[in-house]
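Heads up: the sequence shown is residues -17 to -1, 1 to 235, going by mature numbering (1 follows the signal peptide of the UniProt record, and there is no 0). Glycine included, each C-beta is placed from N, C-alpha and C at the ideal position. Predicted, not measured: the structure shown is a model, and the values here were computed from it. I have placed the structure first, in the form of structure tokens, so that the comments after it can refer back to it.
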Amino acid sequence: MLVLLIILLLSIDVAHTLQCITNCSIGNFRFGEPISIPDGQCQQRKSKSDCTMSLQFRYDQYTYNAQFDTIVLPADFIYITSGPYLSYSINYECSKQTDCVLTYAQNRINEMTRRTYDANRIYGELAPFIHNSTRKGPIQCYNMRNEIIECLASEGCFLDYDQRAKKVRSRECKTYGTPTVSMYDGKSYSSFDVSCNRNLCNDDETFEQIKTIFVNNGLTDDNGRRIAAGTKEMASIFLILLPFISIIVSYF
């Protein structure tokens, strides 16, 4: 009897394996347009205990796209730069059923496309803190000891803030492309990054101003973390196993 129950418990994990869509991208869809997989696309499947997908919303274009894969870490990622460009990406995983990511996707798309992020206004509020359009030559920035250092003409100021530990992870000069602000909030890693080309723009005061702009525009909460719904939805294996656990306990 005991051997039979153990075999049954071990078989539950096998039975819970899902056939996940993988290696497929669809879009761009306009805001208000439901997600759909065109006929003949997304045929590749892979057996996994959970299925994953990524959604990217472009609030400067009012479009979104989706990517199905089996190697995605749950996270939210906001990226803002000149243009203006404002994207909000969501990586999601679930293990309820094979098409649980599609159910989640449509619900999340409905919620995210109702958000009224104004890319022009948000970047317009950020620009005075991160962008100097007339800059030529070297720039002054802060380092980790809050000392003023001189950076090369090809570099800008950079700040990486650890939102879990609530401390600066990196403050330095870095090769510069465009002024950007980004927020990554994952399962085990979170960061708030600023890349700017104004003198001394990677100081604590500027960072607090940028965080306030994110909060005031509903991009993050007061702690700089995502406001979005959870990025992981799991079937409760404990509830599935509970009757069998009870039987084993009573057996002894």
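Distance CB(residue i)-CB(residue j) smaller than 8 Å
{"i": "GLN146", "j": "GLY66", "result": "no"}
{"i": "LEU38", "j": "ARG91", "result": "yes"}
{"i": "PHE141", "j": "CYS156", "result": "yes"}
{"i": "LEU183", "j": "TYR125", "result": "yes"}
{"i": "ILE105", "j": "ASN200", "result": "yes"}
{"i": "VAL177", "j": "ASN185", "result": "yes"}
{"i": "SER165", "j": "PHE60", "result": "yes"}
{"i": "ASN11", "j": "THR64", "result": "no"}
{"i": "ILE196", "j": "GLU108", "result": "yes"}
Presumed contact (8 Å Cβ cut-off) between residue i and residue j, rounded CB distance
{"i": "SER70", "j": "ARG28", "result": "So it is not a contact: roughly 28 Å between Cβ atoms."}
{"i": "CYS34", "j": "GLU76", "result": "7 Å"}
{"i": "ASN129", "j": "ASN180", "result": "The pair is not a contact, with the Cβ atoms about 20 Å apart (cut-off 8 Å)."}
{"i": "GLU138", "j": "THR158", "result": "6 Å"}
{"i": "PRO162", "j": "ILE113", "result": "4 Å"}
{"i": "ALA88", "j": "ILE18", "result": "5 Å"}
{"i": "ASN74", "j": "ALA58", "result": "5 Å"}
{"i": "ALA136", "j": "GLY120", "result": "5 Å"}
DSSP three-state assignment for residue i, whether helix, strand or coil
{"i": "GLY213", "result": "Confidence in GLY213 is poor, its pLDDT being 49 and thus under 50, which makes the residue's placement too unreliable to answer from."}
{"i": "ASN48", "result": "strand"}
{"i": "TYR100", "result": "coil"}
{"i": "GLN123", "result": "strand"}
{"i": "THR64", "result": "strand"}
{"i": "ILE54", "result": "coil"}
{"i": "ASP168", "result": "strand"}
{"i": "PHE12", "result": "strand"}
{"i": "residue 315", "result": "The structure shown does not extend to residue 315, since the chain is modelled only from -17 to 235, so the question has no answer here."}
{"i": "GLN89", "result": "helix"}
{"i": "LEU202", "result": "coil"}
{"i": "GLN39", "result": "strand"}
{"i": "TYR71", "result": "strand"}
{"i": "TYR144", "result": "strand"}
{"i": "LEU183", "result": "coil"}
{"i": "GLU133", "result": "strand"}
{"i": "THR117", "result": "coil"}
{"i": "residue 291", "result": "Outside the shown range of the chain, which is -17 to 235, sits residue 291, and nothing can be said about it."}
{"i": "CYS34", "result": "strand"}
Proximal residues to residue i (C-beta, below 6 Å), its chain only, five neighbours per side dropped
{"i": "ALA102", "result": "TYR42, ASP43, PRO67 and LEU69"}
Any non-hydrogen atom of the ligand FMN within 7 Å of residue i CB
{"i": "ILE73", "result": "Ligands are entirely absent from the displayed structure, and the ligand FMN is therefore not among its contents."}
Contact set for residue i: own chain, Cβ-Cβ below 8 Å, skip 5 residues either direction
{"i": "GLY15", "result": "THR96"}
{"i": "GLN24", "result": "CYS7 and ILE9"}
{"i": "THR(-1)", "result": "SER30, LYS31 and SER32"}
{"i": "THR53", "result": "CYS3, THR5, LYS29, LYS31, CYS34 and THR35"}
Any chain D beta carbon closer than 8 Å to residue i
{"i": "ASN182", "result": "Although the question refers to chain D, the structure presented lacks it and comprises just one protein chain."}
Sequence-distant residues of its chain with Cβ nearer than 7 Å to residue i (five each side left out)
{"i": "THR214", "result": "Its pLDDT being 49, under 50, THR214 is placed unreliably by the model, and nothing is read from it."}
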